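Numbering-wise (our numbering), the sequence shown opens with residue 30 and increments by one.
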Amino acid sequence: MAYKVGFVGSGGISNRYARIFSEHDELELISCCDVVKDKANILADHYNMNPYTNYQEMINKEHLDIVYIGVPPVVHSEVVSYAINKKLNIICEKPIAHTIDVGKKMTKEAKSSNVVTCINLMIVYSNHVQKIKKMYKNYEFGSLRRVELVLRFPIWPREWQNVSWLKTSEQGGPLREVGTHFFASLKEIFGPVKRVIAIVDYDDPDLYERSAWGIIEFENNVKVSLDLLCNTNHVEENTLSLHGSKKSISFVGWRKLIENYRTHSEKSIDETSHWPNLADEFVKALKGESAKLVSFASATETQEVLSAILSSNGKWIEIN
Numbered sequence: 030m031a032y033k034v035g036f037v038g039s040g041g042i043s044n045r046y047a048r049i050f051s052e053h054d055e056l057e058l059i060s061c062c063d064v065v066k067d068k069a070n071i072l073a074d075h076y077n078m079n080p081y082t083n084y085q086e087m088i089n090k091e092h093l094d095i096v097y098i099g100v101p102p103v104v105h106s107e108v109v110s111y112a113i114n115k116k117l118n119i120i121c122e123k124p125i126a127h128t129i130d131v132g133k134k135m136t137k138e139a140k141s142s143n144v145v146t147c148i149n150l151m152i153v154y155s156n157h158v159q160k161i162k163k164m165y166k167n168y169e170f171g172s173l174r175r176v177e178l179v180l181r182f183p184i185w186p187r188e189w190q191n192v193s194w195l196k197t198s199e200q201g202g203p204l205r206e207v208g209t210h211f212f213a214s215l216k217e218i219f220g221p222v223k224r225v226i227a228i229v230d231y232d233d234p235d236l237y238e239r240s241a242w243g244i245i246e247f248e249n250n251v252k253v254s255l256d257l258l259c260n261t262n263h264v265e266e267n268t269l270s271l272h273g274s275k276k277s278i279s280f281v282g283w284r285k286l287i288e289n290y291r292t293h294s295e296k297s298i299d300e301t302s303h304w305p306n307l308a309d310e311f312v313k314a315l316k317g318e319s320a321k322l323v324s325f326a327s328a329t330e331t332q333e334v335l336s337a338i339l340s341s342n343g344k345w346i347e348i349n
């Protein structure tokens, strides 16, 4: 018997995962909803689902097993609470919430429930992040001299993702939308974060951050520099680099692992990116099997790092 899936939100990310879920033999796409009726209709027509404009109506009318939540972060908590009360299993987009307090509330609700929940941060299980983690654990870098996270966005929001909420400081911005992937990955590689210091600049306090500079210090004393710039003449970039006495490795553009990046001895290690299939892993969890999923609790720890960066204002903030 297939698990029945409903989508809350019918935008780009839901379209992507509708395709992935539709290819899984043990998942059946039943319904989708969006406050924009045309979006729900387009997604529903493509996968022969029932469209709605109200998620509560959808959940109450359809006999679902799983809800995929792909709406703006400020709405996550409301939908998660309703779905948990209806005993539905939940896949929620990152970040877990728009504030750390709301994330903690959602984590508490998830822990007290008997349903399977996860946040879509599968990058932490990607082959590149896991390879860097293994290299670090095996001391292949030698003495680690510097770790750098560089983010460049000539246009924000990016042209393919131009929705209004991504422009706001409340729930959008590149640190929340893109940085969250890397903060989670760094935690996977180095462990718990000890403290954060950062300076974040805005053109308008209600809009996304224009630039950010900071340091993330881990409990093992590794320090990671953060360098973000938006709306400049740079090409788009997201690069995580680890420089050691023996080796320098960079994770470039989501897909490449490069040794001695931007030097005369640059060498590609792996240009094939593999992330675990979210559908496969979630079905494993539903069956009680071991699965590679990011818990609400882990996502809230990542959210705490983001929150500290955004609120630091040049002062160290301890991470509890």
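Where a beta carbon is used, it is the ideal one built from N, C-alpha and C, also for glycine. Bear in mind that the values here come from a model prediction, so they are computed numbers and not experimental data.
Straight-line measurement puts the Cα of Asn-250 at about 47 Å from the Cα of Ile-88.
As DSSP reads the structure, Val-225 sits in a beta bridge with Ile-245 and Ile-346. In this structure, Lys-66 lies near Pro-80, with their beta-carbon atoms less than 9 Å apart. Ser-277 sits in a strand when the DSSP states are folded into three classes. Here the segment 127-140 makes no contact with the segment 152-166; the two share fewer than three CB pairs at distances below 8 Å. Burial is judged here by how many other beta carbons sit within 10 angstroms of a residue's own beta carbon; Pro-102 has at least 16 and is buried.
Taking a C-beta distance under 9 Å as the contact criterion, Lys-223 and Ile-348 qualify as a contact pair.
Taking a contact to require three or more Cβ pairs closer than 8 Å, the segment 195-207 and the segment 307-316 do not qualify as touching.
Ala-213 and Ala-328 have their alpha carbons spaced roughly 7 Å apart. The residue among Val-96, Asn-77 and Gln-159 with its C-alpha nearest the C-alpha of Phe-280 is Gln-159. A residue is called buried when at least 16 other Cβ atoms come within 10 angstroms of its Cβ; Ser-110 does not meet this threshold and is exposed. For a cut-off of 8 Å, the C-beta gap from Tyr-237 to Lys-276 is around 35 Å, too long to register as a contact. By the neighbour-count criterion, in which a residue is buried when 16 or more other Cβ atoms sit within 10 angstroms of its Cβ, Ser-340 is exposed. With fewer than 16 other Cβ atoms inside 10 Å of its own Cβ, Met-30 counts as exposed. Beta-bridge partners assigned by DSSP to Asp-299: Leu-286. Under the three-state reduction of DSSP, Thr-331 is assigned to helix. DSSP links Phe-36 through a beta bridge to Cys-61 and Tyr-97.
For the 9 Å CB-CB criterion, Cys-61 and Ala-47 form a contact. The alpha-carbon separation between Ser-43 and Leu-117 amounts to approximately 18 Å. Taking C-alpha positions only, Ala-241 is separated from Leu-180 by approximately 9 Å. Ranked by how close their Cα comes to the Cα of Gly-40, the residues Leu-72, Ser-254 and Asn-289 have Leu-72 in first place.
Around Asp-235, the same chain offers Thr-197, Ser-198 and Glu-199 as residues with beta carbons nearer than 8 Å, after the five sequence neighbours per side are excluded. In the three-state reduction of the DSSP assignment, Val-323 falls in the strand class.
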